[in-house]
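Participant:
Protein chains: 2
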Amino acid sequence: MSRLENSAEHSWHVAVMAMLLAEHAEPAIQVDRVVKMLLLHDIVEIDADDTFLYDETASLDKADKEEAAAARIFGLLPPTQRDEFTALWREYENRDTADGRFAYACDRLLPMLQNLANQGQSWREHGVRFEQVLRKNLPIQEASPSLWQYVLPKLEAARDAGWLA
Amino acid sequence: MSRLENSAEHSWHVAVMAMLLAEHAEPAIQVDRVVKMLLLHDIVEIDADDTFLYDETASLDKADKEEAAAARIFGLLPPTQRDEFTALWREYENRDTADGRFAYACDRLLPMLQNLANQGQSWREHGVRFEQVLRKNLPIQEASPSLWQYVLPKLEAARDAGWLA
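Chains as they are written, first to last, in full-length UniProt numbering: chain A, 1 to 165; chain B, 1 to 165.
1. Going by CA-CA distance only, name the one from A/L77, A/P27, A/V133 that's closest to A/S144.
2. Cα separation between B/A103 and B/L38?
3. Return helix, strand or coil for A/S146, following the three-state DSSP convention.
4. Could you check which residue in A/K62, A/K36, A/P139 has the C-alpha nearest to that of A/E45?
5. By Cβ distance below 7 Å, which residues in the same chain neighbour A/M17 in space, the five residues on each side in sequence not counted?
6. Name the residue from B/D32, B/A157, B/S7, B/D99 whose alpha carbon lies nearest to the alpha carbon of B/E142.
7. Looking at the ligand COA, does it come within less than 7 Å of A/L113, judged from the CB to the closest heavy atom?
8. Using a threshold of 8 Å, state whether the C-beta atoms of A/L140 and A/R108 are closer than that.
9. Give me the residue from A/F130, A/D55, A/I73 with the minimum Cα distance to A/W163.
10. Against A/W12, what residues of chain B qualify as contacts under a CB-to-CB distance less than 8 Å, listed in chain order?
11. Does the beta carbon of A/M19 sit closer than 8 Å to a beta carbon anywhere in chain B?
12. Cutting at 6 Å between CB atoms, please list the residues of its own chain near B/V34, excluding the five before and the five after it.
13. For A/A15, count neighbouring C-beta atoms within 10 Å of its own C-beta (all shown protein chains included) and say buried if the count is 16 or more, exposed if not.
14. How many angstroms separate the CA atom of A/D50 from the CA atom of A/H41?
15. Could you pull the start and end residues of the alpha helix (DSSP H) that B/N115 belongs to?
16. Where does B/N6 fall in DSSP's three states?
17. Given B/W148, which residues of its chain have a CB within under 7 Å of its CB, disregarding the five upstream and five downstream residues?
18. B/R124 by DSSP, collapsed to three states: which one?
19. Does the distance from the C-beta atom of B/D83 to that of B/A68 stay below 8 Å?
20. Sort B/H13, B/P78, B/L134 by Cα distance to A/E23 and report the nearest one.
21. List the residues of chain B whose Cβ lies closer than 7 Å to the Cβ of A/D32, in chain order.
22. Within its chain, find whatever has a CB closer than 8 Å to the CB of B/H13; leave out the 5 residues flanking it on each side and keep chain order.
23. Can you give me the start and stop residues for the alpha helix (DSSP H) that B/A63 sits inside?
24. Please identify the residue among B/L138, B/Q132, B/G120, B/E125 whose C-alpha is closest to the C-alpha of B/A157.
Next up, the structure:
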């Protein structure tokens, strides 16, 4: 792979993945709401830069930047749509519903599968540790124990292969 | 704009557009089904090349190529998902339901808006005629008279500006 996915490509990719994996959500989710959340979840990156998941410093003021971005961007819409889109985005960010948790889990799972498919490229580039991956991706386990059972042995194999520090 | 949207970017873009314009469908549609159709509608282009809308010759065997592509690509999925995805794709292609017609209309409307936003770039590059645009985009009128009322004066202005032959 010669370049990273951009946000539009990623949003399409993860929305289709959610359609395919919805049956593994536990508790069950409303896939249509999850798809909408995933189509919208990265729009705030138009204003607020993308932050590498394992960059702990850059993540500190991420929430503030994204709140401002959501207010400006969704604020371009008529009030009813502004409120609907903002609520879906916030539900994704807060992960306080089964739908929000599963959408977030899909967004964690996709780059993990991509790393597993390209010999841990971005893990190796950034010196990511196995324990970091376990901790940051706990939301997958919370939203779908069966998907976590599927990826955990692959992560252990990645560690054993030296793709994770 | 320095390059065309690729299929993933386009599919994300048109799905979000459908979420925003769903209220203008007439008769009313189920936006969730329309969004799914639009996320899937271009997957067949993995095998079957994209065809420029106004290229009448290339469009001739497009349907056969896309049928073969759908059979192969959706055939990679477990049977239940294969059948669901194939049915959604076919409903989009056949436009024999309100949902399929509105999804198709969105896919027509987006490049039209993009052409109107960049001084008719791809129309001018290919010498597209005003009458061709009216005929090819009749599906917009059929799925949403109000959206057609919105774009028709803009198309007439584009013709008057010489962006359409």
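We put the CB at the ideal spot given by N, CA and C, even for glycine.
As the structure is a prediction and not an experimental result, all values here were calculated from the model.
Facilitator: Once the coordinates are examined:
1. Mapped onto the first sequence, residue 144 of chain A falls at position 144. In terms of Cα proximity to A/S144, the closest of A/L77, A/P27, A/V133 is A/P27.
2. Translated into the one-based positions of the second sequence, residue 103 of chain B becomes position 103. Translated into the one-based positions of the second sequence, residue 38 of chain B becomes position 38. Those two C-alpha atoms are separated by around 6 Å.
3. As a first step, residue 146 of chain A must be located in the first sequence, where it is residue number 146. Annotated three-state conformation of A/S146 is helix, per DSSP.
4. Translated into positions along the first sequence, residue 45 of chain A becomes position 45. Comparing Cα-Cα distances from A/E45 to each of A/K62, A/K36, A/P139, the minimum goes to A/K62.
5. The sequence position of residue 17 of chain A within the first sequence is 17, counting from 1. The beta carbon of A/M17 lies closer than 7 Å to those of C106, L110 in the same chain, with the five residues before and after it left out.
6. The residue you call residue 142 of chain B lines up with position 142 of the second sequence. Nearest option by C-alpha distance: B/D99.
7. Among the ligands in the structure shown, none appear at all, so the ligand COA cannot be discussed.
8. Along the first sequence, read from residue 1 onward, the residue named residue 140 of chain A stands at position 140. Along the first sequence, read from residue 1 onward, the residue named residue 108 of chain A stands at position 108. Residue identity check: residue 140 of chain A is Ile in the sequence provided, not Leu. Yes; because the gap between Cβ atoms is below 8 Å, this pair is in contact.
9. Residue 163 of chain A sits at position 163 when you count from the first residue of the first sequence. Closest by C-alpha distance to A/W163, out of A/F130, A/D55, A/I73, is A/F130.
10. Residue numbering aside, residue 12 of chain A sits at position 12 when the first sequence is read from its first letter. Near A/W12 (Cβ distances below 8 Å), the residues of chain B are A8, E9, S11, W12, A15, L39.
11. For the purposes of this step, residue 19 of chain A is taken as residue 19 along the first sequence, with counting starting at 1. With 8 Å as the cut-off, A/M19 counts as an interface residue toward chain B.
12. Locating residue 34 of chain B in the second sequence gives position 34, counting from the first residue. Listed in chain order, the non-local C-beta contacts of B/V34 below 6 Å within the same chain comprise A18, D99, F102, A103, local neighbours out to five positions each way being set aside.
13. Taking the first sequence and counting its residues from 1, one reaches residue 15 of chain A at position 15. Per the 10 Å Cβ criterion, buried.
14. As a first step, residue 50 of chain A is located in the first sequence; it is residue number 50 there, counting from the start. As a first step, residue 41 of chain A is located in the first sequence; it is residue number 41 there, counting from the start. One alpha carbon belongs to A/D50, the other to A/H41, and they sit about 12 Å apart.
15. Position 115 of the second sequence, counted from the start, is the residue given in the question as residue 115 of chain B. Bounds of the alpha helix (DSSP H) holding B/N115 are 98-117.
16. Reading the second sequence from its first residue, position 6 is the one you call residue 6 of chain B. In the three-state reduction of the DSSP assignment, B/N6 falls in the coil class, being assigned neither a helical nor a strand state.
17. Position 148 of the second sequence, counting from 1, holds the residue named residue 148 of chain B. The residues are I140, Q141.
18. Taking the first residue of the second sequence as 1, we reach residue 124 of chain B at position 124. In the three-state reduction of the DSSP assignment, B/R124 falls in the helix class, which pools H, G and I.
19. Taking the second sequence and counting its residues from 1, the one referred to as residue 83 of chain B is at position 83. Taking the second sequence and counting its residues from 1, the one referred to as residue 68 of chain B is at position 68. Cβ distance not < 8 Å, so B/D83 and B/A68 don't count as in contact.
20. As a position in the first sequence, residue 23 of chain A is number 23, starting the count at 1. When C-alpha distances from A/E23 are compared across B/H13, B/P78, B/L134, the shortest belongs to B/P78.
21. Position 32 of the first sequence, counted from the start, is the residue given in the question as residue 32 of chain A. Per Cβ cutoff of 7 Å: D32.
22. Taking the second sequence and counting its residues from 1, the one referred to as residue 13 of chain B is at position 13. So the qualifying residues of the chain are E5, L110.
23. Walking along the second sequence from the start, residue 63 of chain B turns up at place 63. B/A63 -> alpha helix (DSSP H) spans 62-74.
24. By one-based count along the second sequence, residue 157 of chain B stands at place 157. Check the Cα spacing between B/A157 and each of B/L138, B/Q132, B/G120, B/E125: the tightest is with B/G120.
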